[in-house]
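Asks: Quick note on numbering: my numbering labels position 139 of the sequence shown as 381, and the sequence is numbered without any gaps.
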Amino acid sequence: MSDQDLSPLPGRTVLVTGATTGIGLETARQLAERGATVLLHGRTAEEARAAADRLIATAGIDAARLHPVAADFTHLDEVESLANQVVVQHPHLDVLVNNAGIAAPERHTVTTDGNEIAFQVNFLAHYLLTCLLEPALTSDPGGRVVNVSSSLHRTANIQWNDPQRARRYSRLAAYAQSQLALTVFAADPRVTAVSVHPGVCDTALMPLYAHEGVTPAEGATHVARLCDPAVEIVNGAYYDRAERVAPAPVATEDRTIKRLNRLADLLVGRTA
243 MSDQDLSPLP
253 GRTVLVTGAT
263 TGIGLETARQ
273 LAERGATVLL
283 HGRTAEEARA
293 AADRLIATAG
303 IDAARLHPVA
313 ADFTHLDEVE
323 SLANQVVVQH
333 PHLDVLVNNA
343 GIAAPERHTV
353 TTDGNEIAFQ
363 VNFLAHYLLT
373 CLLEPALTSD
383 PGGRVVNVSS
393 SLHRTANIQW
403 NDPQRARRYS
413 RLAAYAQSQL
423 ALTVFAADPR
433 VTAVSVHPGV
443 CDTALMPLYA
453 HEGVTPAEGA
463 THVARLCDPA
473 VEIVNGAYYD
483 RAERVAPAPV
493 ATEDRTIKRL
503 NRLADLLVGR
513 TA
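Okay, structure coming up:
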């Protein structure tokens with residue numbers, strides 16, 4: 243399906259995390275241009291509002307289609323507050339795009355919640371947000387989750403006995419672990435979800451991959467495409483840009499999926 247075949251999206255409501263810059267901002271723009279209502283997430287209310295104003299000014303987006311929302315993903319209580327706000331204000335959510343991400347820092351860094359920062363921001367915060375938004379995503383058939391993952395998940399392993407990587411820390415290994423966890427989470431059966439590697443894009447994460455990449459707008463087309471209800475998806479599928487390919491074998495193992503859910507529930511403070 244080409245971009246020209248993608249359907250208009252009036253009446254669709256999409257939450258895009260990490261939507262103030264890069265792929266997230268471009269995904270929000272492309273969806274709003276096609277008529278979707280976009281909940282545009284930023285780390286702070288000021289950053290989210292500035293991103294919305296930028297889209298209104300530069301892309302001519304109707305302000306009524308953009309709803310800035312905020313949560314700092316290094317604080318899980320803010321993620322919970324965001325989810326509660328969304329469920330109240332938008333009891334039906336068509337798509338959640340889990341895009342927010344950071345490169346793991348050079349030095350081992352732990353959040354106030356006690357988690358290695360990349361594991362929390364890139365995975366645990368999205369895990370908690372998705373779980374809490376499940377009622378809105380499943381209020382009508384067809385709700386879906388799009389996880390913006392990475393080809394680097396293939397290089398990763400989850401350190402089950404030391405997920406915070408306190409004993410042996412490498413920024414690349416920590417980042418890759420977070421991307422593997424996000425990819426595994428797409429195969430969870432609660433909400434239909436897929437993962438996508440949008441290609442190497444010229445964003446803040448590019449130094450992890452290469453010295454040059456495509457524009458964020460080009461990467462965002464692969465994300466926005468998977469938000470379209472006309473594009474059929476299979477739960478747990480993984481895409482490398484526009485092509486569906488097999489993820490790392492561990493990403494679809496039932497035992498790994500269940501084990502990761504138990505670990506994530508423990509780390510975000512959820513009880514079964």
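Glycine residues also receive a C-beta, built at the ideal position from the N, C-alpha and C atoms.
Give me, in chain order, the residues of the same chain whose beta-carbon lies closer than 6 Å to that of residue 203; leave out the 5 immediate sequence neighbours on both sides.
Replies: It is not possible to answer for residue 203, since the shown part of the chain is limited to 243 through 514.
Asks: Identify which residue in 427, 406, 439 and 345 has its Cα closest to the Cα of residue 391.
Replies: The candidate whose alpha carbon is nearest that of residue 391 is 439.
Asks: Select from 269, 415 and 287 the residue whose C-alpha is nearest the C-alpha of residue 256.
Replies: It is 269.
Asks: Thinking residue 194 and residue 414 are a contact (beta carbons under 8 Å), I'd like their distance in whole angstroms, please.
Replies: In the structure as shown, the chain starts at 243 and stops at 514, and residue 194 therefore has no counterpart that could be examined.
Asks: The alpha helix (DSSP H) spanning residue 515 covers which residue range?
Replies: Outside the displayed range of the chain (243 to 514) lies residue 515, so it cannot be described from this structure.
Asks: Could you check how far apart the C-beta atoms of residue 465 and residue 265 are, in whole angstroms? I think they sit under 8 Å.
Replies: Going by Cβ atoms, the distance from residue 465 to residue 265 rounds to 6 Å, so yes, they are a contact pair.
Asks: Since residue 258 and residue 280 are thought to touch, with beta carbons under 8 Å apart, how far apart are those beta carbons, to the nearest angstrom?
Replies: Contact holds; Cβ gap of about 6 Å.
Asks: Please state whether DSSP places residue 308 in a helix, a strand or coil.
Replies: Of the three classes helix, strand and coil, the one that applies to residue 308 here is strand, per DSSP.
Asks: For the candidate residues 408, 431 and 497, whose alpha-carbon lies nearest to that of residue 356?
Replies: Ranking 408, 431 and 497 by Cα distance to residue 356 puts 408 first.
Asks: What do you get for residue 488, buried or exposed, if any count of 16 or more other CB atoms within 10 angstroms of its CB means buried?
Replies: Looking at its Cβ environment, which holds fewer than 16 other Cβ atoms inside 10 Å, residue 488 is exposed.
Asks: Less than 6 Å between C-beta atoms, sequence neighbours within five positions excluded: which residues of the same chain meet that for residue 325?
Replies: Taken in chain order, the residues that qualify are 371, 374 and 375.
Asks: Going by DSSP in three states, residue 411 sits in which element: helix, strand or coil?
Replies: It is coil, neither helix nor strand.
Asks: Do residue 306 and residue 283 have their C-beta atoms within less than 8 Å of each other?
Replies: Not a contact, by the Cβ cut-off of 8 Å.
Asks: Would you kindly report the start and end of the unbroken beta strand (DSSP E) that includes residue 486?
Replies: From DSSP, the beta strand (DSSP E) with residue 486 extends over 485–487.
Asks: Please state whether the Cβ-Cβ distance between residue 490 and residue 395 is less than 8 Å.
Replies: Yes. Within cutoff.
Asks: Over the uninterrupted beta strand (DSSP E) stretch that includes residue 372, give me the two end residues.
Replies: Note, residue 372: premise wrong, no beta strand (DSSP E); alpha helix (DSSP H) at 367–379.
Asks: Roughly how many angstroms lie between the CA atoms of residue 332 and residue 272, to the nearest whole one?
Replies: Those two C-alpha atoms are separated by around 20 Å.
Asks: With the cut-off set at 8 Å, would you say residue 468 and residue 433 are in Cβ contact?
Replies: Their beta carbons are not under 8 Å apart, which means residue 468 does not touch residue 433 by this criterion.
Asks: Taking the CB atoms as reference points, tell me whether residue 377 and residue 505 lie closer together than 8 Å.
Replies: Taking 8 Å as the Cβ cut-off, residue 377 and residue 505 do not qualify as a contacting pair.
Asks: Could you check whether residue 318 and residue 400 sit closer than 8 Å to each other, using their CB atoms as the reference points?
Replies: Cβ atoms of residue 400 and residue 318: not closer than 8 Å.
Asks: Just the C-alpha distance for residue 301 and residue 422, rounded to the nearest angstrom, thanks.
Replies: Between residue 301 and residue 422, the C-alpha separation is close to 34 Å.
Asks: Does residue 345 come out as helix, strand or coil in the three-state DSSP assignment?
Replies: Residue 345 falls in the coil class under three-state DSSP.
Asks: For residue 497, which of helix, strand or coil comes out of DSSP?
Replies: Helix at residue 497.
Asks: DSSP three-state label for residue 257, please.
Replies: Looking at residue 257 - three-state DSSP - the assignment turns out to be strand.
Asks: Residue 387 and residue 435 - do their beta-carbons sit closer together than 8 Å?
Replies: The answer is yes: Cβ separation under 8 Å.
Asks: Kindly indicate which three-state DSSP category residue 363 falls into: helix, strand or coil?
Replies: Helix, per DSSP.
Asks: What is the DSSP secondary structure of residue 340, counted as helix, strand or coil?
Replies: In this structure, residue 340 counts as strand in the three-state DSSP scheme.
Asks: Would you please state the rounded distance, in angstroms, between the beta carbons of residue 426 and residue 367? I believe it to be under 8 Å.
Replies: The Cβ separation is near 16 Å, so there is no contact.
Asks: Whole angstroms are fine: how far does the CA of residue 382 sit from the CA of residue 286?
Replies: Roughly 30 Å separates the two Cα atoms.
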